[in-house]
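Written out below as structure tokens is the structure these notes cover.
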Amino acid sequence: MKILKTKKNKILMFSLLSGGVVSVAAGAAIYKASSDFDLAKSIFSSDSFDSELANSNNVKHTNDSIRDKNVTEKAVEPIKVEKPKIEPIIVKTPKAEESATIEPPKEAPKPVESQPIIASPTTERRKISINGVEVYATVEVTPDRKVTDYDRKKGIANRDPYQSTIVNKLVSVEVTDELRKSTVNKALTSGDGEGLFDGTFFKVIDELINKDNDPLDVAEGVLKQNSQIWENNLFRYKELLDSDNVVKFLKPGKDLEYKDIVEKKGGFKTPNQRYIWLIANLDNSKFTKLASKSDKYLNEGLVVSPRNAKINANGEIDAHAWSPSPEFNTVTSRYSRDNRLKRVFGYNSYFWRSPDDTEKGIYPGWKKTDATSEFKNYGASESDGITVHKLERIEKIKEEQGQINEGYVVNIDAKNPAGYSKTKKLIEDLKKDGKKITSYRIKNMGEANPAQKFKEILAALPDDLPQLELFFSANATNTSSLIALENKKIKELSLYTLGNSLLQKWSFNPWAFKNTAWINTNDYNVSYEYGRNKPLATRITFDTIAFDQDDYKGNNNFERINDGLRLVYYARNNERAFQGSFGPGLNPDNAEGNNSYPLGLDFSRVPKIKSLRGLEFHDSQNPSNKARKIKRLTLFNNSTTFEITGNELDQASFHHIMEPVPGDSDKPKIMFSNGSTTNSIKISSKEKLSSDGLTNLNKFFQLNDALKASKKIIVPKDASELISQLQGAGFNVEVGTEGFTYT
């Protein structure tokens, strides 16, 4: 019996993890992001998963916690498993998850000559297939994305036009009895091991009780040793099991047997033994009705997926999550397209790679072999941390639409000093000899030394490169070298870390991605499923835009910075890489103003930028789009005093910074590159400030803790009008040797 129980434990623990019981835990493991969308996606590698509607409420955000912050990434975070007797909160219509602190602009957008870009969707009635049944439906045809001439001219539009939503929208379905019956049957026995009566969870109980005739205490012992799996699946049946109606749905004769156990034999020893017995004796042929709630969602085009199906107290088939029909699933369709055509080593599935495959450079459907010896003349050697692999597609395809069947990948470990020191020469020699390299993968960037330099190495890369994968250390978060990629035509760029991928200090210069066609955001491996502090390869979520000294050289010419902001905020904002931590809106391609965006702005590498003066946060080409507000501003400073002119303060435009919201721990901030070393403001001019200037000055002290603590302003000695103005504005000014202090 011990051997038998051990065997069944293995069946339950491992086959459940690859089959139906992962259903609920994973039906639950499907939503995010990012924190990504209103529709969810699975983190498991099984082609049976699709995207689900998920509960996007009750979201908490913290600064650097990878567990908490990942909830904001609306597309990728697992949905929570619905507990018994708790009514699920269902998002009927996908809606963008945005920060509660994002506010509409206080000022009207600047007038522009161009007309608003308004997509004009059309609807049509046509036949579609749902759960194998043809029905009529009203379908909204998705319009093509509009790209402005300005963005093309400025080079900030994607050189390979990208559309996020590539399927039409299902508005309503004319539900028939045949469709209801098919939906119920699929929930019961899906054929894929995910249904209520063909999933591994049910099969294990059925085997224990009905085939092996094990006593209930033995079955309970097996399930107790897999308590999480038991709890995650019991609630699919529990509403019925706790109802008096359960006897109506038992196999013939089992209702009398149940009554006999309860009334004459003293009942079951434990509640779990009762549950086990009932589940094992349910008659699946008696479940024929679809719950009214699921029927309602079916009319809206949202179906009960088998792994998320449950039985309610009335014996009706219901669910804790609903999904669009695959033909209209905006999430899975985008992932499938991106994995097949945007990836260099593409594959035909909507699942992303596991952390292990991502770190090792493994792709589904591709064979990887060591080819280092072929490149030993160029200095490739495993001892130096430089290896080369050849990837070959297992099932060859016609090479079209940029797809390939084989390619060489150069792997460089930047933590190995020998390999790091000769990386630049290796790249240059391979280019010189015309060696066709498909991909460069550089790992452990900044791990050995946060000051490790990579700009020259990235600059040495070929001007045309199919794939580049960079693994940055979360201990350094130094991505400033990416600007070297500005003029390189890269098909696929992947930016990973094995640390906290959600740190707010991860930043990027928009111009670094000017000629990159696709920034891989598919390999997102942040989840509650993974342990805390476990090194997992996952793509970085960028929530801060940064610029470099060359982007602004003075003379009030903010054109390059404004075009860079526009690239992120509007021109390419339909791409997930430019949506920060929260994800897309309902119409990411033609209503960019409803998408999320990076909330941080970092000028720590631009000494001449002192405020937000001259910067554009509205859509100059489409005034119907919402303006942007930032939550974090970082300015350069290298002393204890931050010096600024009165004119700069008057035009600082800090109204583009969000206002603090009570209860939000992640408050808006103004920060300095030298941290809390900056503890005073010096106004270098003597003139009075405008009312806006006073407001902007107050923002410095309101949004910076060190300034708030010191309460110190320095002004010229003979600035009598300015001193009087500060006093009149309510500042308590005291004369001191180094300036005036107000409280």
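Heads up: the sequence shown runs through residues 320 to 1062, numbered per this note's numbering.
C-beta atoms are modelled at their ideal positions from N, C-alpha and C, and glycine is treated no differently.
Note that the coordinates shown come from a computational prediction; the quantities given were computed from them, not determined experimentally.
Of the listed residues the options, nearest to residue i (C-alpha basis)
i            : options              : result
residue 737  : 766, 704, 669        : 704
residue 611  : 594, 550, 625, 634   : 634
residue 901  : 719, 458, 922, 913   : 913
residue 832  : 882, 822, 816        : 882
residue 651  : 667, 803, 637, 458   : 667
residue 457  : 447, 894, 464        : 447
residue 1036 : 1004, 1047, 1018     : 1004
residue 1044 : 1010, 769, 1021, 561 : 1010
residue 759  : 729, 919, 622, 765   : 729
residue 909  : 451, 625, 481        : 481
residue 646  : 620, 698, 665, 820   : 620
residue 995  : 1008, 768, 1027      : 1027
residue 966  : 1002, 782, 693       : 1002
residue 473  : 676, 884, 542        : 884
residue 444  : 706, 488, 608, 573   : 488
residue 530  : 600, 840, 889, 930   : 600
residue 471  : 890, 957, 937, 598   : 890
residue 810  : 692, 771, 658        : 658
residue 769  : 907, 797, 654        : 797
residue 545  : 520, 937, 983        : 520
residue 723  : 774, 664, 689        : 664
residue 1048 : 499, 1014, 935, 1020 : 1014
residue 644  : 691, 618, 1018, 660  : 618
residue 794  : 787, 772, 784, 763   : 763
residue 947  : 961, 978, 928, 957   : 978
residue 454  : 491, 483, 460        : 491
Cβ distance (whole Å) where residue i is taken to contact residue j below 8 Å
i            : j            : result
residue 916  : residue 892  : 6 Å
residue 944  : residue 478  : That pair is no contact at about 22 Å.
residue 985  : residue 1012 : Residue 985 to residue 1012, Cβ: 28 Å. No contact.
residue 866  : residue 922  : 6 Å
residue 746  : residue 727  : Contact flag wrong, Cβ pair sits at about 13 Å.
residue 886  : residue 829  : 4 Å
residue 450  : residue 622  : 6 Å
residue 1008 : residue 976  : Contact doesn't hold; Cβ gap of about 18 Å is too wide.
residue 939  : residue 971  : The Cβ separation is near 20 Å, so there is no contact.
Between the CA atoms of residue j and residue i - distance to the nearest angstrom
i            : j            : result
residue 721  : residue 1024 : 52 Å
residue 999  : residue 843  : 41 Å
residue 466  : residue 648  : 24 Å
residue 1042 : residue 1030 : 15 Å
residue 538  : residue 551  : 17 Å
residue 993  : residue 808  : 35 Å
residue 553  : residue 708  : 47 Å
residue 894  : residue 559  : 44 Å
residue 997  : residue 904  : 38 Å
residue 687  : residue 672  : 15 Å
residue 733  : residue 765  : 8 Å
residue 1106 : residue 441  : No answer is possible for residue 1106: the residues shown for the chain start at 320 and end at 1062.
residue 574  : residue 501  : 28 Å
residue 579  : residue 597  : 14 Å
residue 749  : residue 873  : 40 Å
residue 536  : residue 493  : 49 Å
residue 845  : residue 820  : 8 Å
residue 888  : residue 776  : 29 Å
residue 841  : residue 653  : 10 Å
residue 516  : residue 774  : 57 Å
residue 701  : residue 739  : 13 Å
residue 676  : residue 670  : 12 Å
residue 1033 : residue 934  : 27 Å
Bridge partner(s) assigned by DSSP for residue i
i           : result
residue 962 : 1001
residue 643 : 621
residue 837 : 811
residue 919 : 863, 951
residue 708 : 689, 728
residue 449 : 452
residue 669 : Paired residues: none, contrary to the question.
Cβ contact check for the region 579–597 and the region 613–632: 3 or more pairs under 8 Å: no
contact_flag[the region 981–990, the region 949–967] where n(CB pairs < 8 Å) is 3 or more: yes
Segment contact, 8 Å Cβ cut-off, at least three pairs: the region 504–511 with the region 546–566: no
The region 634–644 contacting the region 519–533, beta-carbon criterion three pairs below 8 Å: no
Stretch-stretch touch, CB-based, cutoff 8 Å, three pairs: the region 807–824 with the region 848–864: yes
Three-pair Cβ contact test at 8 Å for the region 665–683 versus the region 861–881: no
Inter-stretch contact at 8 Å, needing at least 3 Cβ pairs: the region 798–806 / the region 765–783: yes
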